[in-house]
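What follows is a single structure, written as structure tokens, with notes after it.
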Amino acid sequence: MAGDPYRDEAFVERYDIDNAASDDHTYYRALAATIQAKKIIDLGCGTGLLTRTLATPGREVIGVDPSPTMLNYARRQPGAEAITWIHGDATTLADAADADLAVSSGNTMMHITPGDYPAVLGCLGAALRPGGVISFETRNPEAKEWERWDPAQISTERDTSLGHLRECLVWRSSRTTTVLYFRTADDIAADLERAGFSDVDVWGGWQNEPVTADSRLLVFRATRR
Numbered sequence: 004m005a006g007d008p009y010r011d012e013a014f015v016e017r018y019d020i021d022n023a024a025s026d027d028h029t030y031y032r033a034l035a036a037t038i039q040a041k042k043i044i045d046l047g048c049g050t051g052l053l054t055r056t057l058a059t060p061g062r063e064v065i066g067v068d069p070s071p072t073m074l075n076y077a078r079r080q081p082g083a084e085a086i087t088w089i090h091g092d093a094t095t096l097a098d099a100a101d102a103d104l105a106v107s108s109g110n111t112m113m114h115i116t117p118g119d120y121p122a123v124l125g126c127l128g129a130a131l132r133p134g135g136v137i138s139f140e141t142r143n144p145e146a147k148e149w150e151r152w153d154p155a156q157i158s159t160e161r162d163t164s165l166g167h168l169r170e171c172l173v174w175r176s177s178r179t180t181t182v183l184y185f186r187t188a189d190d191i192a193a194d195l196e197r198a199g200f201s202d203v204d205v206w207g208g209w210q211n212e213p214v215t216a217d218s219r220l221l222v223f224r225a226t227r228r
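Throughout the sequence shown, residue numbering follows our numbering, covering 4 to 228 in sequence.
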């Protein structure tokens, strides 16, 4: 694993405020209920905002993240004692093999390098029981969202409860700390099938909208063969 990109504890404390629960969390909770999942894996769980809401009575939930700072924060939150928190990546799930559902929210899959991506899908598949479900979202490259990312305009300053915060987009710079890998819907579907999944569905939003060239999101669901 690489170094912790979220090692600033003050930044992590603000993370849930700036990335509040929305339709994505509602979607993943509804999916868990629909398939009556008893064991759930949340890969890239971060601060555990979604993870903790998945932990209903009689359900086992595992949160996995490579950031020790994020996990330390997650462990201090209300309801954290109901979760099994694991510091690591998808390879830490090799011995699971019986999960009903694996989710990965917040565009986590877009942060995985092309070299690691097939192995991550393979590890998630191995962590699921036959018939288990995987679901995650990613940005749609056909929408060409990056064409609207203007560093000159995406720069803000504001006062927060933790002090003054300046945010900006660094474009094509060695200082960039976040890299997103865009993959087409067809490529992801093929990757899932190669990893041992079938019945691959993809939607253009959280309400099962059809995918169009303007769809900002691609939401995937597939079944472990």
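Just so it is clear, CB atoms sit at the ideal spot from N, CA and C, and this is done for glycine as well. All values derive from a computational prediction rather than experimental measurement.
- Message: On the DSSP bridge list, what partners appear for residue 106?
- Response: 45, 138
- Once you ignore the five residues that flank residue 192 on each side, which residues in its own chain have a CB closer than 7 Å to its CB? 203, 205
- Message: Please return the same chain residues whose Cβ sits closer than 8 Å to the Cβ of residue 212, not counting the five positions on each side in sequence.
- Response: 206, 218
- Task: Count the other CB atoms, across all protein chains shown, that sit within 10 Å of the CB of residue 51; report buried if there are 16 or more and exposed otherwise.
- Result: buried
- Identify, in the order they occur along the chain, each residue of the same chain with its Cβ nearer than 7 Å to the Cβ of residue 101, setting aside the five sequence neighbours on each side. 42, 132
- From residue 98 to residue 141, what does the alpha carbon distance come to, in whole angstroms? 27 Å
- Query: Taking the Cβ atom as the reference point for each residue, do residue 93 and residue 48 lie within a distance shorter than 7 Å?
  - Reply: no
- Message: Using the three-state DSSP reduction, which class does residue 15 fall into: helix, strand or coil?
- Response: helix
- Using three-state DSSP, classify residue 191 as helix, strand or coil. Reduced to three states, the DSSP call for residue 191 is helix.
- Query: What is the rounded straight-line gap between the Cα of residue 35 and the Cα of residue 151?
  - Reply: Going from the Cα of residue 35 to the Cα of residue 151 covers about 34 Å.
- Query: residue 84: beta carbon under 6 Å from a heavy atom of the ligand MN?
  - Reply: With respect to small molecules bound, the structure shown includes none, and the ligand MN cannot be examined in it.
- Quick one: Cα of residue 183 to Cα of residue 110, how far? 9 Å
- Item | residue 133 (DSSP reduced to helix, strand or coil) | strand
- Message: Considering just the uninterrupted stretch of the alpha helix (DSSP H) at residue 240, what are its terminal residues?
- Response: Residue 240 lies beyond the residue range present for the chain, which begins at 4 and ends at 228; the question has no answer from this structure.
- Message: For residue 29, list the residues DSSP reports as bridge partners.
- Response: Per DSSP, none; premise fails for residue 29.
- Message: Given this structure, state the Cα-to-Cα distance separating residue 33 from residue 16, to the nearest angstrom.
- Response: 27 Å
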